[in-house]
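Taking it in order: structure first as C-alpha cells, then the write-up.
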Ligand SMILES: Cc1cc2nc3c(=O)[nH]c(=O)nc-3n(C[C@H](O)[C@H](O)[C@H](O)COP(=O)(O)OP(=O)(O)OC[C@H]3O[C@@H](n4cnc5c(N)ncnc54)[C@H](O)[C@@H]3O)c2cc1C
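In the working numbering, the protein residues as written are 217 to 708.
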C-alpha cells in the first residue's frame, strides 16, 4: 500500500490546481484520475475569468493560457454583455479558451514540470477515515493510505457521498442539449429566442465545430441525447437540421443547483464541482473550482507539515462556502433572466436597463469575474480579506509587481514605509519579508482607490490577512493565526 500526505481524487481543473499548490508547498500529493486520457470530452467550460487569470499569474503561469486563448472585453450576464475593461486588474477580460486546452496547459505544468505523480485510469471506489489518516480503495483491488483525502471528483462526487455530506439545493427545472457538430449548411450563428427558451449556435474560429445549445421543453430526460434527438430538436427550433452530418460530442445539462453542506469532514475535503454544481450560465464552475484549490492548498500544506493546527482547515469552508453560494445564486439569476415569457422579458429588460449604470455594471462584472471576493478576516483597512491588487513596486533588486512576489506560494510580509527598526529582525522562515517602494496606485474593484498600506501580510492565495504598522501587536496575532508563527525575533 502506498502512503501519501494527500490523495486527490480527480484530475480535472480543480484537482490539478490543488496538486500544484501542495507541491509548491513541498507536500507529497498524489492524483488519482479515472480517465485514461488527459483529454476531456467536449468543449465544456469556455474560458477563464479575471480572478482565475490572476491566481495563475500569482504562480507565474498565466501567460501560457493567455497565449492560447482570445481576450474578450465583456463578461456575459445572461444575454447581456458587460464591459470589463475599466475594472482595475491587469487581466481585464474573459479569456476564451476551451476546457480541453485549459486542462492540457494545466497538465503540462502540474505533471511534466512540477512532477506531481498521477495514477491515471484508476478509480477510487471507497474509503474509511480514522484519527490518523484515510484508507482508500481503488477499483480492481489496489489500496492507498492518505493523511488527507480531497474529493475533486466532480458533481457526482463519490467522495462527497461516501463521506455522508449532504448536497442540498434546487432540482432541475430546465434542461439544455449541448453538442459540437459538423453541418453541410452554414447556419446563421447567434441566439434565437422562442417560447421554449433561448437557443444558440456558435463557432469560436473557422474550422472549429459548431457548438449547439438548445433549450428543451422537458426536463425529465435521462443521460446524453443521441444524434436523432439532436436532429429533431434542431428541426423543431430552426425548421431545418442544417445538413447535420455528425457530432463529436453531445451532452445535456440542467439548471439544478446544489452545494455541499460541509466542505470538510475530518480528514476528507471537497473542492470544485464536488462541492458545488450549478448551471454554466456566467461560466463560473471551473473558475470557482480553481480558486477553491488555491484557498485550500496552502492551508492543507501547513496542517500536513505541522505548521498549523487542524482547525485552520475550517477556514476553508468558512471562506469558500459563501463564494460557492454566490456562484449558485448568480447562475440561477441568469437562468431566470433567460426564461422566455412576458414577465421574464420584462424582468430582463429592467435589469439590462439598470446594468447600463456604470456602478451596477462594475459590481456585477466584479462578482462574475471573482474580483470582489472579501473573506471575513476583520475590520479596518479595506484591503483586509480582499485579494491584493497587483501593484507595481520597486525593491532593492529593481522594479517588480506584487504577484511576482507570490510565485513560490509563500506568505509575504510587504513593508512599504521607510526602512524600519525591525528590518534586521529574524522573521518566521516561511514568511517572506519584502521591503519595497510603491510605484502604482492601490485601486480595488468596486471599492475604488484606497490608502497605500504601511505594511501588509499577504497569504499565499493572494488575500490580505493584516494591514498596519510593523509595531502593531495585531501583526503577531495574524502571523500566529495564519502561519503558526509568532512575530519577529530581534537579531542580536
Ligand atoms: C456544458 C458545460 C458547459 C460549461 N461551461 C462552463 C464555463 O463556461 N465556465 C466554467 O467555469 N465552467 C463551465 N462548466 C463547468 C465546468 O466544466 C466544471 O465546473 C469543471 O469541469 C469542474 O472542474 P472539477 O475539476 O471540479 O471537476 P471535473 O472537471 O468534473 O473533474 C472531475 C474529475 O474527477 C474524475 N473522477 C470522478 N470520480 C472519480 C473517482 N471515483 N476516481 C478517480 N477519478 C474520478 C473525473 O474523471 C474527472 O476527470 C461547464 C460544464 C458543462 C457541462
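Cβ atoms here follow ideal geometry from the backbone N, Cα and C, with glycine treated the same way.
*So, is residue 524 buried or exposed, given that buried needs 16 or more other C-beta atoms within 10 angstroms?*
Buried: at least 16 other Cβ atoms inside 10 Å.
*Does ligand 1 have even one heavy atom less than 6 Å from the beta-carbon of residue 250?*
In this structure, residue 250 has its beta carbon less than 6 Å from a heavy atom of ligand 1.
*Do residue 532 and residue 553 have their CB atoms nearer than 7 Å?*
Against a cut-off of 7 Å, the Cβ pair of residue 553 and residue 532 comes out as no contact.
*Is there contact between the segment 299-309 and the segment 574-589, where contact requires at least three CB pairs shorter than 8 Å?*
As far as the Cβ criterion goes, the segment 299-309 touches the segment 574-589, which means the pair count is three or higher.
*From which residue to which residue does the beta strand (DSSP E) around residue 219 run?*
Run containing residue 219: 218-225, per the beta strand (DSSP E) assignment.
_Buried or exposed by the 16-neighbour rule on C-beta atoms within 10 Å, applied to residue 234_ = By the Cβ neighbour-count rule, residue 234 is buried, with 16 or more other Cβ atoms within 10 Å of its own.
*asked:* Using a Cβ-Cβ cutoff of less than 7 Å, which residues in the same chain neighbour residue 708 once the five nearest sequence positions on both sides are dropped?
replied: Any reading at residue 708 must be qualified, since the residue scores a pLDDT of 35, below 50, and its modelled position is unreliable; no value is offered.
*For residue 333, does the three-state DSSP call read helix, strand or coil?*
Correct three-state label for residue 333: coil.
*Check whether the segment 403-421 touches the segment 486-498, counting contact only when three or more Cβ pairs, one atom from each stretch, lie closer than 8 Å.*
Contact annotation: the segment 403-421 does not touch the segment 486-498, with fewer than three C-beta pairs closer than 8 Å.
*Can we count residue 230 as close to ligand 1, meaning its CB is less than 6 Å from some heavy atom?*
Yes, Cβ of residue 230 sits closer than 6 Å to a heavy atom of ligand 1.
*Counting along the chain, where does the alpha helix (DSSP H) carrying residue 444 start and finish?*
Segment 443-454, the alpha helix (DSSP H) holding residue 444.
*Heavy atom of ligand 2 less than 6 Å from the Cβ of residue 438, yes or no?*
You won't find ligand 2 in this model; what it holds is ligand 1.
*At 4 residues or longer, and completely inside the segment 516-573: list those alpha helix (DSSP H) runs for me, N to C.*
Complete alpha helix (DSSP H) runs here, min 4: 530-554, 558-570.
*asked:* Is residue 260 near ligand 1 - that is, is its Cβ less than 6 Å away from at least one heavy atom of it?
replied: In this structure, residue 260 has its beta carbon less than 6 Å from a heavy atom of ligand 1.
*Between residue 315 and residue 277, is the Cβ-Cβ spacing less than 7 Å?*
Taking a C-beta distance under 7 Å as the contact criterion, residue 315 and residue 277 do not qualify as a contact pair.
*Report yes if the C-beta of residue 503 is less than 6 Å from at least one heavy atom of ligand 1; otherwise report no.*
Residue 503 Cβ: within cutoff of ligand 1.
_Rounded C-alpha distance that separates residue 457 from residue 530_ = Those two C-alpha atoms are separated by around 52 Å.
_Euclidean distance between Cα positions of residue 236 and residue 330_ = In a straight line, the C-alpha of residue 236 is about 7 Å away from that of residue 330.
*In terms of residues, what are the limits of the beta strand (DSSP E) holding residue 376?*
Looking at the DSSP string, residue 376 is not in any beta strand (DSSP E); the run it does join, the alpha helix (DSSP H), is 374-379.
*Give every residue of the same chain whose Cβ lies closer than 8 Å to the Cβ of residue 384, excluding the five residues on either side of it in the sequence, and list them in chain order.*
The residues are 474, 475, 477.
*For residue 342, does the three-state DSSP call read helix, strand or coil?*
For residue 342, the three-state secondary structure derived from DSSP is strand.
_Closest Cα partner of residue 317 within the set 262, 510, 267, 671_ = If we check each option's Cα against that of residue 317, 262 comes out closest.
*With a CB to CB cut of under 6 Å and the five nearest residues on each side skipped, what residues in its chain are close to residue 534?*
So no residue of the chain qualifies.
_Beta-carbon contacts of residue 230 that lie in its chain and below 6 Å, excluding the five residues immediately before and after_ = Closer than 6 Å at the Cβ level, and outside the excluded window around residue 230, lie 368, 487, 488, 505, 509.
*Residue environment, residue 527, which counts as buried when at least 16 other CB atoms sit within 10 Å*: So residue 527 ends up on the exposed side.
*From 247, 412, 666, 544, pick the residue whose C-alpha is nearest to that of residue 583; which is it?*
Taking the Cα of residue 583 as reference, the smallest distance to any Cα among 247, 412, 666, 544 is reached at 544.
*Cα separation between residue 386 and residue 472?*
Computed Cα separation, rounded: 6 Å.
*With DSSP run on the structure shown, which of helix, strand or coil describes residue 669?*
Here residue 669 sits in coil by DSSP.
*How is residue 587 classed by DSSP in three states: helix, strand or coil?*
Reduced to three states, the DSSP call for residue 587 is coil.
*Per the contact definition of three or more C-beta pairs closer than 8 Å, is the segment 612-630 in contact with the segment 279-294?*
Between the segment 279-294 and the segment 612-630, the count of C-beta pairs closer than 8 Å stays below three; the two stretches do not touch.
*On a CA-only basis, which of 647, 490, 249 is nearest residue 699? Give me that one, please.*
The residue among 647, 490, 249 with its C-alpha nearest the C-alpha of residue 699 is 647.
*What is the DSSP secondary structure of residue 510, reduced to helix, strand or coil?*
The DSSP-derived three-state label of residue 510 is helix.
*In chain order, what residues of the same chain have a beta carbon less than 6 Å from the beta carbon of residue 633, not counting five sequence neighbours either side?*
Here the set comprises 670.
_For a test of the three-state rule: what should DSSP assign to residue 384, helix, strand or coil?_
Annotated three-state conformation of residue 384 is coil, per DSSP.
*Tell me where the beta strand (DSSP E) around residue 648 begins and ends.*
Membership of residue 648 in the beta strand (DSSP E) is indicated by the continuous run 648-651.
*Would you kindly report the start and end of the unbroken alpha helix (DSSP H) that includes residue 691?*
689-699 is the span of the alpha helix (DSSP H), which, as asked, contains residue 691.
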